[in-house]
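Presented below is the structure to which this report refers.
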Amino acid sequence: MARSFNKVIMVGNLSADPEVRQTTLGKKVVKFRIAINDDYKDTKRTYFFNVVAWDRLGEIVQNYTEKGSKIMVEGRLTQREWEAVEDGKNVKRSSVEIVAENIVLLGSKNKGEVDYSKTDFTNQNVSKLDNKKASYSDILNSSKSRDDEFPEEDEGQSFEDEGENIDEELPEIDESSDLDDYKDFDESDKEFK
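Note that the working numbering has the sequence shown beginning at 220, numbered continuously upward.
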């Protein structure tokens with residue numbers, strides 16, 4: 220059998236503020252949509268993609284991005300399938316979304332207009348902040364300047380998922396529910412209660 224490869228890298232802007240939910244075991248799940256502009260000849264199109272970020276990566280998206288924030292998302296595609304009732308009939312639905320494994324905040328159009336290009340947000344520095352909600356000064360004080368290490372073209376800082384949810388099956392979501400189903404997700408049996 221041939222080996223498969225599932226990797227997505229996108230740069231775009233958040234089309235709305237991130238939505239935050241927590242599983243019954245306390246894991247944070249953040250869902251957001253990223254808008255990607257595509258210009259071809261005289262035609263301009265915008266595509267919207269759903270992205271899910273778990274745990275600390277989700278907290279970073281929640282705390283440091285908002286509608287309009289420019290970010291890079293690296294992750295893998297997943298597909299959800301569920302049944303919805305429409306006009307008294309069960310109808311099969313499906314949705315494709317990206318599970319974020321790495322996020323880079325780009326530019327300075329993020330919450331508080333902080334210039335992230337001078338801040339090192341590696342996994343080690345972010346994890347030093349424990350599990351509290353970090354303020355900008357906490358992050359900035361825990362980080363070292365990157366002026367001497369990288370040229371000015373380096374615009375972002377990277378956050379990586381530590382991979383602990385890589386094999387975790389995501390709960391099914393009815394797209395019309397706005398993530399309400401996540402509140403009843405129990406990770407011990409990976410099913411809704």
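Virtual Cβ for every residue (Gly too), placed ideally from N, Cα, C. Computed from a prediction, not measured in an experiment: that's the story for all the values here.
The C-alpha of Asp306 is placed about 38 Å away from the C-alpha of Lys226.
Beta-bridge partners of Tyr259 (DSSP): Thr262.
Using a Cβ distance threshold of 8 Å, Asn232 and Lys250 do not count as a contacting pair. Ranked by Cα distance from Ser288, the first of Val315, Ile228, Ile322, Asp274 is Ile322. By the Cβ criterion, the region 241–249 is in contact with the region 264–278, since at least three pairs of Cβ atoms, one from each stretch, lie closer than 8 Å. Ile253 and Ile228 have their alpha carbons spaced roughly 12 Å apart. Comparing alpha carbon positions, the residue from Phe267, Val310, Tyr283 closest to Val230 is Phe267. In the three-state reduction of the DSSP assignment, Gly245 falls in the coil class, being assigned neither a helical nor a strand state.
With a cutoff of 8 Å on beta-carbon distance, Leu324 and Ile290 are scored as near each other.
A Cβ-Cβ distance of about 7 Å is found for the pair Lys311 and Glu300, placing them in contact under the 8 Å criterion. Beta-bridge partners assigned by DSSP to Lys311: Glu302. For Asn225, no alpha helix (DSSP H) encloses it, and the DSSP letter there is neither H nor E.
For Val239, same chain residues with a beta-carbon under 6 Å away, outside a window of 5 residues either side, are Val249, Gln281 in chain order. If you draw a straight line from the Cα of Glu316 to the Cα of Leu296, it is about 6 Å long. Glu278 is positioned such that its CB atom lies no closer than 8 Å to that of Glu320.
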